[in-house]
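Read through the structure below, which is laid out as structure tokens, and then see the notes.
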Amino acid sequence: MKIKIAPSILSADFANMGAAVKKIEECGADLIHCDIMDGSFVEPITFGSQMLKNIRPLTKLPLDAHLMVEHPKTQIKFFAEAGADIITVHYEACAKISESYLEETLRLIKSCGVKCGVVVNPDVPVENIFPVFPLVDMVLIMSVYPGYGGQKFIPETLEKIKKAREYAQVTGKPDMDIEVDGGVSLDNAQIIKSAGANVLVAGSAIFNSTDMQKTIAELKR
Ligand code: DX5
Ligand code: ZN
-6 MKIKIAPSIL
4 SADFANMGAA
14 VKKIEECGAD
24 LIHCDIMDGS
34 FVEPITFGSQ
44 MLKNIRPLTK
54 LPLDAHLMVE
64 HPKTQIKFFA
74 EAGADIITVH
84 YEACAKISES
94 YLEETLRLIK
104 SCGVKCGVVV
114 NPDVPVENIF
124 PVFPLVDMVL
134 IMSVYPGYGG
144 QKFIPETLEK
154 IKKAREYAQV
164 TGKPDMDIEV
174 DGGVSLDNAQ
184 IIKSAGANVL
194 VAGSAIFNST
204 DMQKTIAELK
214 R
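Numbered per the numbering used here, the sequence shown spans residues -6 to 214.
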């Protein structure tokens, strides 16, 4: 499977976001991972759809919007209009609202002509999201608790990546994108890919490196 690297702009300099986006595209990124935090689902507040709207004309790369928000359904139209190519929503946020909220939100994303994905936190069994596998374009396995960049990869999540890839095969979607987010580095990229992930998010590993192009190429290899 093609390995895709999604640098997280959470680790970029927010005062120079346009330049950061152009730079990661030049350095071989495949997607731009945008971490949307609402100060409630997770403690920090980052940015909203306006940021995506402003970076949209600066890059040809797909914009991957990771919504860490309490009420994702209310945000879909804004991110779709802003030009997101894929929107991922947290299972935990949706399950708290109602049993049907996750599926409704995924269908709403699709109806806007945008790809959709579901995210699970490290302490939530991956089996909980199996029912929506037929609906999603991507599954995102959090390998740290969301909220902050620069945390340590939680190795227990490798088993969940394996289970997700196996279940994708069972459901007839062997090539489904499985993304991993949190603590991805040159030291663990290989085991993460071997477990079955094909989309690697990396914030600090890319933005703190002295040679972004080399780091992206090595994460991919
Ligand atoms: C964490 C975010 C991540 C974060 C990853 O809540 O979802 O995308 O930016 O950063 P690193 O790669 O530094 O762990
Ligand atoms: Zn993220």
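Beta carbons: idealized from backbone N, C-alpha and C, even for Gly. Nothing here was measured: the structure is a model prediction, and the numbers come from that model.
{"query": "Are at least three pairs of beta-carbons, each pair with one atom in the stretch 153 to 165 and one in the stretch 122 to 140, less than 8 angstroms apart?", "result": "yes"}
{"query": "Count Cβ pairs between the stretch 111 to 122 and the stretch 63 to 72 that sit closer than 8 angstroms; are there 3 or more?", "result": "no"}
{"query": "I'd like to confirm the pairing. Which residues does DSSP put opposite serine 1 in its beta bridges?", "result": "His26"}
{"query": "Measure the C-alpha to C-alpha separation of methionine 169 and alanine 161 and round it to an integer number of angstroms.", "result": "7 angstroms"}
{"query": "Mark aspartate 180 as exposed unless 16 or more other C-beta atoms lie within 10 angstroms of its C-beta, in which case mark it buried.", "result": "exposed"}
{"query": "Do you know offhand how far alanine 12's Cα is from phenylalanine 200's?", "result": "13 angstroms"}
{"query": "Can you find the residues in the same chain that come closer than 8 angstroms, C-beta to C-beta, to lysine 70, ignoring five residues on each side of it along the sequence?", "result": "Cys105"}
{"query": "Report the rounded CA-to-CA distance for isoleucine 79 versus aspartate 57, giving the unit in angstroms.", "result": "5 angstroms"}
{"query": "Could I get the ranges of all uninterrupted alpha helix (DSSP H) runs contained in the stretch 143 to 214, with 4 residues as the minimum, in chain order?", "result": "150 to 163, 182 to 188, 197 to 200 and 205 to 213"}
{"query": "Considering only their Cβ atoms, is the gap separating glycine 21 from isoleucine 209 smaller than 8 angstroms?", "result": "yes"}
{"query": "What is the residue span of the alpha helix (DSSP H) that cysteine 105 lies within?", "result": "First-last for cysteine 105: undefined, no H or E at that position."}
{"query": "Please state whether DSSP places alanine 75 in a helix, a strand or coil.", "result": "helix"}
{"query": "For glutamine 162, verify whether its CB is less than 7 angstroms away from any heavy atom of the ligand DX5.", "result": "no"}
{"query": "Given this structure, state the Cα-to-Cα distance separating threonine 81 from isoleucine 90, to the nearest angstrom.", "result": "17 angstroms"}
{"query": "My assumption, with CB atoms under 8 angstroms, is that leucine 193 sits in contact with isoleucine 185. Please give the rounded CB distance.", "result": "6 angstroms"}
{"query": "Quick check: the Cα distance between glutamate 18 and glutamate 152, rounded to an integer number of angstroms?", "result": "31 angstroms"}
{"query": "With respect to the beta strand (DSSP E) encompassing alanine 58, which residues constitute its N-terminal and C-terminal limits?", "result": "56 to 61"}
{"query": "Distance check for lysine 46 and valine 14, CA to CA, integer angstroms please.", "result": "13 angstroms"}
{"query": "Roughly how many angstroms separate the alpha carbons of valine 163 and serine 197, rounded to a whole number?", "result": "34 angstroms"}
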